[in-house]
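Note that my numbering numbers the sequence shown so that position 103 is 166, with each residue one more than the last.
Here is the structure we will look at.
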Amino acid sequence: VVVLECSGCCWSSVLFWMEGYLRRVREAVVSTQSTGYTIHLHKRIHGIGFKRRAPRAIKEIKKFAQKTMGTPDVRIDTRLNKHVWHKGVKHVPFRVRVRLARKRNEDEDSVNKLYTLVTVVEGIESFKGLQTQNIDVDE
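In structure tokens, the structure reads:
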């Protein structure tokens with residue numbers, strides 16, 4: 064066991080961070096919501112080889128959804144997968160507009176109570192001026 068000597072100030076900042084993190088996790092478990100985001104894929108796959116660009120883009124979308132919604136179980140809609148792959152493995156779209164919906168897991172055996180469903184928002188002509196939007200969940 065390694066004990067670190069500290070003046071006391073860093074422990075308070077660590078505890079403050081942990082309180083905020085735990086509060087966000089608890090809020091994530093309680094609420095189901097749907098939000099629209101624009102994901103800049105071009106900067107996330109910069110420097111990736113041609114034959115790995117589309118698979119990496121899907122992984123980056125999953126990572127973004129996991130970080131944003133706070134659920135480890137992320138499911139990609141087939142239409143979003145087709146949208147990312149529609150120009151081939153090399154030419155991934157620079158940006159993609161997605162809707163992240165946090166939903167309750169119907170499977171009782173699952174470890175996670177909630178999952179995130181990622182769907183594509185089609186019909187976007189320009190990404191200029193678009194902002195994050197909270198969408199009412201009609202269930």
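We put the beta carbon where it would ideally sit given N, CA and C, even for glycine.
Predicted, not measured: the structure shown is a model, and the values here were computed from it.
Nearest-angstrom beta carbon gap, residue j and residue i [assumed within contact, 8 angstroms]
i	j	result
SER97	ARG138	Their Cβ separation, rounded to whole angstroms, is 14 angstroms, which puts SER97 and ARG138 out of contact at 8 angstroms.
ASP140	VAL181	6 angstroms
ARG158	ILE124	That pair is no contact at about 12 angstroms.
ILE108	VAL155	6 angstroms
GLY99	ARG160	7 angstroms
LEU177	THR95	7 angstroms
DSSP three-state assignment for residue i, whether helix, strand or coil
i	result
ILE102	strand
ILE108	coil
GLN196	strand
VAL64	A caution first: VAL64 carries a pLDDT of 47, below 50, which makes its placement in the model unreliable, though a value can still be read off. VAL64 falls in the coil class under three-state DSSP.
GLU202	For GLU202, the predicted structure reports a pLDDT of 45, less than 50, and the residue's modelled location is therefore unreliable. The matter cannot be settled from this model.
LYS126	helix
Where residue i falls, given that 16 or more other Cβ within 10 Å makes a residue buried
i	result
GLU82	exposed
GLU188	exposed
PHE127	buried
THR134	buried
THR179	buried
VAL174	exposed
HIS149	exposed
THR195	exposed
HIS146	buried
VAL64	The pLDDT assigned to VAL64 is 47, lower than 50, so where the model puts this residue is not dependable; a value taken from the coordinates is nonetheless given after this. Burial call: exposed.
Check: residue i C-beta below 7 angstroms from any heavy atom of the ligand GDP
i	result
LYS106	Here there are no bound small molecules, and the ligand GDP is not part of this structure.
- Message: Going residue by residue through the region 138-184, where are the continuous beta strand (DSSP E) segments of at least 3 residues, counting only ones entirely within it?
- Response: 158-167, 177-183
- Message: For the pair the region 166-185 and the region 104-118, tell me if three or more CB-CB distances fall below 8 angstroms.
- Response: no
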